[in-house]
Amino acid sequence: MVRVAASVSDLSGLGLLTWVYPPGLVDRVVAACGRSERRKRLLPARLVVYFVLGLALFSPAPYLEVMRHLLAGLRGLGLLGDWHVPAKSSLFRARQRLGSEPLRVLFATTAKPMATEATPGAFWRGLRVLAVDGTCWDVADSEANQAAFGRPGNGRGTGRSAFVQVRMAALVEVGSHAVLDAELAGCRTGEVTLVGRLPRSCGPGQLVLADREFLGVPLWQAFTATGADLLWRVPANRVLPIDRPLRDGSWISRIHAGTDASHRNPVTVRVLAYQLKDTAQDYRLITTLLDARRYPARQLAALYRERWEIESVFAEIKTHQRGAKVVLSSKTPDGVLQQIWAHLLVHHALRELMLRTAATRQLDPDRISFTETLRSARRSVTVTPGSFSP
């Protein structure tokens, strides 16, 4: 792995945070969400946005420690004047005033594809490779959170889980590990429902990978309607008749919606069947890429392994960045959503730094250490001052 400490030497303000999310952009988002102040406050909305991002960056550090990290470099250059760190209760109320909407809008505004055709593993035969999947966040056990998000079963058929949970579905760019879109809901909402809201971020020139639980004609058609191509795994019990065999062992078939009992509206797909080496497990994939000559079955089967990169993304965010087994601390549903959007924003910033570092050194982004980047980003916020001021 490659160290990236030197990569943040030119960051200004609050280091990585103001480099990726400059104050002008934050101010525009705050204004668009109606959170701008009518009077001068000790904690203006702009500073509170960076504070919430800081909570995610330094997770699970407590409020006052995070604020001291954010202001250390500024104080060293005398940029704080007579401004002082407010009490924890003031920081808590400021987070409540800000709410989750500015963080969600900031993410939607900035979460765009990062990779270029020169980025290793980002494209396959001219198609940008993406993946969709879901995960859950454990959140504080409060009456408000339980009412809003629910608590799943404990997996043993009786009782309930120890934690209230938020379900998240995400669309990820495989080559850069950048989260391009996300949907959040309580754990009572299924992954298929949430993933069904992600086609809004897809389009022509993309190839979307997904696991077998997402295979259904309505969801398939929602993604293909955007112009994106698909490569999805098939459940073992799915019947896929051979309508036309192809030279590489794949075949043209059709799938039907569960509501199409008379099979009047078939959806044409291409089926790939294979077995992994040293295992007895059979895999079947279906794809919109029907041309066997242009898109060989063997290469598609090898490409599908990239779907697991999204699991690495979830581990980066929830294990390394948030902290292993850390429960989101907010007692209110809006505070929980604010924390999750902040974690997604910080991860996006870290991944942008990693991609630029890799491009500068002509490396595969996988050669850049995520944990080292996280440590470097924390140092950049603490020791890199600049023009930003409360």
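With this note's numbering, you'll find the sequence shown wraps up at 700, consecutive numbering, no jumps.
Ideal Cβ positions, reconstructed from N, Cα and C, are used throughout, including at glycine.
Residue i, DSSP secondary structure in three states
| i | result |
| --- | --- |
| arginine 410 | For the sequence presented, residue 410 should be read as serine rather than arginine. In this structure, serine 410 counts as coil in the three-state DSSP scheme. |
| serine 640 | coil |
| glutamate 427 | coil |
| glutamine 516 | strand |
| isoleucine 712 | Residue numbering for the chain in the displayed model covers 311 to 700; residue 712 lies beyond these limits and cannot be assessed. |
| arginine 689 | helix |
| serine 400 | helix |
| threonine 486 | In the sequence under discussion, the amino acid at residue 486 is serine, which differs from the threonine named in the question. Residue state, collapsed to three classes: coil. |
| leucine 540 | strand |
| arginine 586 | The question names arginine, but residue 586 in the sequence shown is leucine. Reduced to three states, the DSSP call for leucine 586 is coil. |
| glutamine 648 | helix |
| phenylalanine 433 | strand |
| aspartate 337 | helix |
| serine 622 | helix |
| threonine 569 | coil |
| arginine 580 | strand |
| arginine 604 | coil |
| glutamate 347 | coil |
| glutamine 475 | strand |
| glycine 633 | coil |
| serine 511 | helix |
| alanine 492 | strand |
| tyrosine 331 | coil |
| arginine 564 | strand |
| valine 449 | strand |
| arginine 671 | coil |
Residue i burial status per 10 Å Cβ neighbour count (16 or more: buried)
| i | result |
| --- | --- |
| valine 362 | buried |
| valine 358 | buried |
| proline 643 | buried |
| leucine 660 | buried |
| aspartate 491 | buried |
| asparagine 455 | buried |
| glycine 635 | A small correction: the amino acid at residue 635 is lysine; glycine does not occupy that position in the sequence shown. It counts as exposed. |
| histidine 658 | buried |
| histidine 379 | buried |
| lysine 587 | exposed |
| alanine 341 | exposed |
| leucine 327 | buried |
| histidine 487 | buried |
| proline 412 | buried |
| valine 330 | buried |
| threonine 701 | Nothing can be reported for residue 701: it is not among the residues displayed for the chain, which extend from 311 to 700. |
| arginine 608 | exposed |
| valine 482 | buried |
| glycine 325 | buried |
| histidine 653 | buried |
| glutamate 453 | exposed |
| proline 370 | exposed |
| serine 356 | A quick correction: the sequence has arginine, not serine, at residue 356. Buried. |
| isoleucine 596 | buried |
| proline 675 | buried |
| tryptophan 618 | exposed |
| glycine 645 | buried |
Option nearest residue i by Cα separation, candidates the options
| i | options | result |
| --- | --- | --- |
| glycine 506 | Val623, Glu411, Val489, Trp530 | Trp530 |
| aspartate 443 | Gln591, Val330, Ile620, Ala571 | Ile620 |
| leucine 546 | Gln672, Arg594, Leu440, Gln609 | Per the sequence shown, the amino acid found at residue 546 is alanine instead of leucine. Looking at the Cα atoms, Arg594 is the closest of the given residues. |
| leucine 406 | Val415, Phe533, Val577, Gln648 | Here the sequence assigns glutamine to residue 406, which means leucine is not the residue at that position. For the residues Val415, Phe533, Val577, Gln648, the minimum Cα distance to glutamine 406 belongs to Gln648. |
| glycine 485 | Glu493, Thr429, Thr667 | Thr429 |
| leucine 556 | Arg604, Ala488, Leu326, Phe402 | Arg604 |
| isoleucine 650 | Phe624, Leu663, Thr670 | Phe624 |
| proline 528 | Ala488, Asn575, Arg498, Thr499 | Asn575 |
| glutamine 672 | Gly409, Ala441, Thr426 | Thr426 |
| glutamate 626 | Gly344, Val336, Ala366 | Ala366 |
| phenylalanine 680 | Thr667, Val691, Thr692 | Thr667 |
| methionine 424 | Arg414, Gly409, Arg435, Leu440 | Leu440 |
| leucine 284 | Leu665, Ile562, Val449 | Only positions 311 to 700 of the chain appear in the structure, and residue 284 is not among them; the question remains open. |
| leucine 610 | Arg564, Ala457, Trp434 | Trp434 |
| serine 690 | Asp337, Phe368, Gly344, Ser346 | Phe368 |
| aspartate 558 | Arg580, Leu550, Gly568 | Arg580 |
| arginine 564 | Met664, Thr598, Ala652 | Thr598 |
| aspartate 592 | Lys422, Arg548, Val646 | Arg548 |
| proline 462 | Asp451, Ala479, Arg498, Gly431 | Arg498 |
| phenylalanine 402 | Leu665, Lys641, Thr670, Ala669 | Lys641 |
| glycine 633 | Trp447, Pro675, Gly344, Arg438 | Trp447 |
| glycine 460 | Thr692, Glu523, Gly496 | Gly496 |
Any non-hydrogen atom of the ligand GDP closer than 7 Å to residue i Cβ
| i | result |
| --- | --- |
| glutamine 631 | Here there are no bound small molecules, and the ligand GDP is not part of this structure. |
Three or more beta-carbon pairs under 8 Å between the segment 515-524 and the segment 610-630, yes or no?
Yes: at least three Cβ pairs fall under 8 Å.
If you pair each beta-carbon of the segment 365-379 with each one of the segment 394-411, do three or more pairs fall below 8 Å?
Counting Cβ pairs under 8 Å, three or more are found: they touch.
At a cut of 8 Å, does the segment 677-689 reach the segment 507-516 through at least three beta carbon pairs?
No: the two stretches stay apart, fewer than three of their Cβ pairs being nearer than 8 Å.
Three or more beta-carbon pairs under 8 Å between the segment 535-544 and the segment 468-482, yes or no?
Here the segment 535-544 does not lie against the segment 468-482, with fewer than 3 beta-carbon pairs under 8 Å apart.
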